[in-house]
Amino acid sequence: MSVSLHHLTGEREMENVHLAGEEEDLYSGYNDYNPTFDSEELENDVGFQQAVRTSHGRRPPMTAKFPGTAIGARPLATSFGARIPLASSMGRPMTGAVQDGAARPMTAVRAAGYTSSLTRGSSFDPLGQSKGPAPPLEAKNEDTPEEKIKILEKKVNDLIEESCMAQSIGALQLALEKAKEAGRKERALVRQREQSGNAEHINLDLTYSVLLNLANQYANNEMYPEALNSYQVIVKNKMFSNAGRLKVNMANIYVRQKSYPKAIKFYRMALDQISNAHKEMRIKIMQNIGVVFVRMGQYSDAITSFEHIMSESPNIKTGFNLILCYYAIGDRERMKKAFQKLISVPLGIDDEDKYIPSNDDTDSSLVIEAIKNDKLCQMERDLKVLAEKYIMTSAKLIAPAIETSFATGFDWCVDMVKSSQYVELANDLEINKAITYLRQKDFNQVEAVETLKTFEKKDSRVKSAAATNLSFLYFLEKDYDQADRYADLAMTADRYNPAALINKGNTVFVKRDYEKAAEFYKEALRNDSSCTEALYNLGLTYKKLNRLDEALDCFLKLHAILRNSAQVMYQLANLYELLEDPQQAIEWLIQVLSVTHTDPQALAKLGELFDGEGDKSQAFQYYSESFRYFPSNIDVIEWLGAYYIETQFCEKAIQYFERATLVQPTQVKWQLMVASCYRRSGNYQKALETYKDIHRKFPDVAISGAADVRGRVQSNESESDGAAEPQMGKDIIVVPQTMGQDVPAGGREALRADQHPPDHSVWCRHRGGPVDCGISSGEGDKQPVRVELRGRAGQRHRGAAVALVEKRERANIVVQCESWWNLAKQFASRSPPLHLLSSSVQRSLMKALVLGGFAHMDSDAKQQYWAEGQITHDYDKMIKP
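With full-length UniProt numbering, letter number 808 in the sequence shown gets 808, and the count goes up by one each step, no holes.
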């Protein structure tokens, strides 16, 4: 059968053979092809375009047609006109199909590709598009319980994702709201399943996710009781596997609440429920337990936890914590052992030489260039930096404690580090040793300098660091030549060292080459844009160059980096003052005081600015605060003294000028101001003594200075009081009348007195400020005795001077007291020089003093005092023998 079939096929093929003539082209027709494969005409193929528009469309059935049919194929330009297509292009007969009335026999091996036979009625359809479009999708019925459950599950999952995304961007409140809404949707989902009879198919994973996310969001929002309740719901549900791990979260919340015993309890419960297969998890829990013990001060228990971790799975943090615990209990030997364990902890990172590109292998260089800054490499660098930080801190901590001296302990640490994998840290430890020498109060500066100088022959990185420190050290000592030399050495070793560039700029700055200094500061900023020292110094340099706007820009940038730096804010205030914007300067100074409340310089500057704005009350407030915190500022003292003189409170100004004389004892002007204040307050005797003291100390300047002050005081008193010093016959009046009569005093009030010998007279006069009281007596040879008492009206607590005259002897008594009554008591209790006077004169003097004190009372108090008879009682009490 197979032979005959092949034979028949061969005969059919022979029938299609055409013998070419002699003049025909033997190679014509080879460019002709079946129109089905004409890709250039696909745009005109209606069936193909319909299939493109709809993926389930149907291409019209095709039969092998001759060129020029309606399918849009182009005609063939051959010498035969139309060419008969090959059988292979007419389509492959399907297996089992009837062909020429005979069934195709079954074969053991299926032929690959196309066959030469043609199935009746078939067409070329390799993609099976002639089968017609796929049936349309059936519309889902959302009313079915299954669909409702699926929709609710999707909403719950979406809400959980939205909650987590909100947490990742810091929107904690929004994350909590989404978590709560997810919880409500999940409960609705459970009810929906129960109503549909599918309660056994509850999605426990979804319920677990909802509760866990809600508890986490409660904890993030510091709603700790709610978070603990949510965790308890999960932990107590036996259907949730591995829920015991959540006790770690509960313990963390107790740590935040500082409930350390409960935290340890839950950490240990979680540790009991986690199998040994999860070794890393168990190690982290034990580390937390140790940290909590440290916070509780139970260092022995913490040491037990940390030692177990270092024996099972050592790490840098645990080793550092173990050293801290040994340091807390003062165990020297165990500190040494812990330090050795710390520097032997394997970091598990590759050597940095791995990331050095090879010049020979271009492909490997490209790979290294791509991975040397990837996430893994960054993580390795961070881990190495952290390890170096812990080792350096541990060495500086235990060095003074493990040996008898700091130097010996530090040398031991350096030796240990040199023999470890952190050998490059040994040089840094040596530099830290020198710096620590400088920071100690009893530092050995020579030792520090010698230690730093030993690094001049080391590698460039260490040499640059040592030279930078030496440059700064010499700069502090004002040895600018040495500072400049070591700054150049540091820059030569490492041109991109910003600290070296800053030191170089500082040495140029002190030489007043501000333009060159600015260039060094700019270069330091180009190498390290976050170098705040360079930015600060650049701002100062611009201020020296009077480029105030550029300086302001520098300090504003610096303020954006250092928000709470009082120095930066003070510089901004100073710049705004120079730019003649006092309001902005005041605002910045107020911000300075918000950081440093007791800065006397800032307070004084605020007082100066308010004084310039004309606000004396605010200026006085800030100047007073500045004086309270720093009472030796001459400018503040001078302003406060002048303020009290201006406000006619000369007595209060005296204390400030006396303070100035203590601060500057060689400045005569402060003592002259004290004398002037005494004169202005009416205490002429004290003023005279002060002038005499000034003349004794400064014989060359006191006379002219006193005369100048005296002239100004007299001028001021002429304006305020309208009177100079009292004069005999004008201001001191002798009244030859009896005591019972009113004494005329130029229209002013005269005081009554009780009966007294007729040869004595008491008078009192108000003269626009001073109060004059006196007596006259005509005993013995009838030569009068005059007593003068002078003070200021309306002011009770003033000093007084009393001059006594008896016959041809004159005595001067100067008394300073709190009130007129105390003055009278002092006179009553003293004997010299009153014992030289007769008893009648003494009684008259006491009476004058009492009446003088009474003259200072207001009308209401005076009337009440007379009604009670108190003045007579006081007078009688004082003069009673």
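Idealized CB from N, CA, C, for every residue including glycine.
Just to confirm, is the Cβ distance from residue i to residue j under 8 angstroms?
| i | j | result |
| --- | --- | --- |
| leucine 589 | leucine 606 | yes |
| tyrosine 267 | isoleucine 289 | yes |
| isoleucine 316 | leucine 386 | yes |
| methionine 239 | leucine 271 | no |
| leucine 152 | glutamine 195 | no |
| isoleucine 285 | valine 248 | yes |
| residue 920 | alanine 338 | Given a span of 1 to 881 for the chain in the structure shown, any question on residue 920 remains unanswerable. |
| glycine 244 | glutamine 287 | no |
| alanine 524 | leucine 501 | yes |
| isoleucine 149 | leucine 189 | yes |
| lysine 516 | leucine 535 | no |
| valine 255 | valine 294 | no |
| alanine 518 | leucine 538 | yes |
| alanine 487 | lysine 504 | yes |
| serine 464 | asparagine 497 | yes |
| leucine 603 | serine 626 | yes |
| asparagine 506 | phenylalanine 555 | no |
| glutamate 388 | leucine 342 | no |
| alanine 349 | leucine 324 | Per the sequence shown, residue 349 should be read as isoleucine rather than alanine. No; because the gap between Cβ atoms is not below 8 angstroms, this pair is not in contact. |
| leucine 473 | leucine 438 | yes |
Looking only at its own chain, which residues have a Cβ that is under 6 angstroms from the Cβ of residue i, when we skip the five neighbours before and after it?
| i | result |
| --- | --- |
| asparagine 564 | Val595 |
| glutamate 651 | Ser681 |
| asparagine 321 | Phe306 |
| alanine 618 | A small correction: the amino acid at residue 618 is glutamine; alanine does not occupy that position in the sequence shown. Excluding sequence neighbours, glutamine 618 sits near Phe610. |
| phenylalanine 48 | Leu42 |
| histidine 559 | Val568 |
| tyrosine 629 | Thr598 and Pro600 |
Quick check on residue i: does DSSP put it in helix, strand or coil?
| i | result |
| --- | --- |
| valine 636 | helix |
| asparagine 574 | helix |
| aspartate 479 | coil |
| proline 699 | coil |
| asparagine 497 | coil |
| leucine 489 | helix |
| isoleucine 169 | coil |
| aspartate 528 | coil |
| proline 346 | coil |
| arginine 679 | helix |
| lysine 336 | helix |
| valine 385 | helix |
| serine 419 | coil |
| glycine 330 | coil |
| lysine 511 | coil |
| leucine 579 | coil |
| lysine 258 | coil |
| asparagine 44 | helix |
| serine 364 | helix |
| glutamine 648 | coil |
| lysine 247 | helix |
| isoleucine 435 | helix |
| aspartate 599 | coil |
| residue 961 | Because the chain spans 1 through 881 in this model, residue 961 falls outside it and cannot be assessed. |
Among residues of its own chain, excluding the 5 on either side of residue i, which ones have a beta-carbon nearer than 8 angstroms to its beta-carbon?
| i | result |
| --- | --- |
| glutamate 312 | Lys279 and Ile283 |
| histidine 6 | With a pLDDT of 40 at histidine 6, under the threshold of 50, the modelled position of that residue is not reliable, and no figure is offered here. |
| glutamine 664 | Ile634 and Trp670 |
| glycine 409 | Ile398, Ala399, Pro400, Ala401, Ile402 and Glu403 |
| leucine 562 | Thr532 and Val568 |
| glutamate 181 | Leu159 |
Answer yes or no: the CB of residue i versus the heavy atoms of the ligand HEM, is any distance below 7 angstroms?
| i | result |
| --- | --- |
| alanine 560 | By its list of ligands, the structure shown contains no ligand whatsoever, and the ligand HEM lies outside what it can speak to. |
Check: Touch check for the stretch 635–651 and the stretch 666–678: three-plus C-beta pairs under 8 angstroms?
Finding: A contact exists between the stretch 635–651 and the stretch 666–678.
Checklist line | 4-residue-minimum alpha helix (DSSP H) runs that sit fully inside the stretch 167–238, ordered along the chain | finding: Correct list: 172–196, 204–220 and 224–236.
Checklist line | Contiguous alpha helix (DSSP H) assignments of at least 4 residues, all confined to the UniProt repeat "TPR" (532–565) | finding: Listed in chain order, the complete alpha helix (DSSP H) runs (minimum 4 residues) inside the UniProt repeat "TPR" (532–565) are 532–544 and 548–561.
Margin query: Going residue by residue through the UniProt repeat "TPR" (283–316), where are the continuous alpha helix (DSSP H) segments of at least 4 residues, counting only ones entirely within it?
Written below: With a minimum length of 4 residues, the continuous alpha helix (DSSP H) runs that stay inside the UniProt repeat "TPR" (283–316) are 299–312.
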